[in-house]
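Quick note: my numbering has the sequence shown finishing at residue 137, numbered continuously throughout.
Only one structure is covered here, and it is reproduced in the block below.
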Amino acid sequence: MTWQDSEVRELKENKYILLDDEPCKIVEITTSKPGKHGEAKARIVAIGVFDNTKRSVVYPTKHKIKVPIIEKKTAQILSITQTEGLFMDMETFEQFNIPIPEEFKEKAVSGVEVEYWESMGKRKLMRV
Numbered sequence: 010m011t012w013q014d015s016e017v018r019e020l021k022e023n024k025y026i027l028l029d030d031e032p033c034k035i036v037e038i039t040t041s042k043p044g045k046h047g048e049a050k051a052r053i054v055a056i057g058v059f060d061n062t063k064r065s066v067v068y069p070t071k072h073k074i075k076v077p078i079i080e081k082k083t084a085q086i087l088s089i090t091q092t093e094g095l096f097m098d099m100e101t102f103e104q105f106n107i108p109i110p111e112e113f114k115e116k117a118v119s120g121v122e123v124e125y126w127e128s129m130g131k132r133k134l135m136r137v
């Protein structure tokens with residue numbers, strides 16, 4: 010299990026939520042007052058960590074939701090091709106491939122340590 014349960018009212022901006030089985034960073038939360046026959050609702054706008062897709066949902070504030078557990082790890086670059094790199098985790102020594110984002114293309118060279126995030130079976134290079 011790579012998530013934990015939480016209630017919508019416990020969420021805050023810049024935290025994470027699981028929408029469409031994709032870890033997303035919350036960029037905006039607005040709550041409405043409870044109505045005559047209903048409870049307060051929260052509108053959540055979030056951007057996917059791995060796919061950068063903007064998502065928006067509305068839930069009652071007492072609704073249970075899933076919060077992803079995002080692991081921040083370090084790795085060393087072993088080799089680089091045009092679009093991705095071969096990395097080795099610094100703790101487990103596991104080797105894996107991750108696409109290299111455009112903003113890191115110049116800094117990413119063999120032997121450099123990087124930070125990557127792992128959640129829900131996906132990995133993304135975050136810092137070189």
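Glycine included, each C-beta is placed from N, C-alpha and C at the ideal position.
A quick note: this is a predicted structure, and the numbers were derived from the prediction, not measured.
query                                                                                                    : result
Span separating the alpha-carbon of Glu37 from that of Asn61                                             : 15 angstroms
At least three beta-carbon pairs within less than 8 angstroms, the stretch 94–111 to the stretch 39–50   : no
CA-to-CA distance, Asp29 to Phe59, given in whole angstroms                                              : 12 angstroms
Val54 CB to nearest heavy atom of the ligand NAD below 7 angstroms                                       : No copy of the ligand NAD appears in this structure; indeed no ligand is present at all.
Assigned secondary structure, Phe59 (DSSP; H/G/I helix, E/B strand, else coil)                           : coil
Contacting residues, own chain, Cβ-Cβ under 7 angstroms from Ser15 (five flanking each side not counted) : Ile74, Val76
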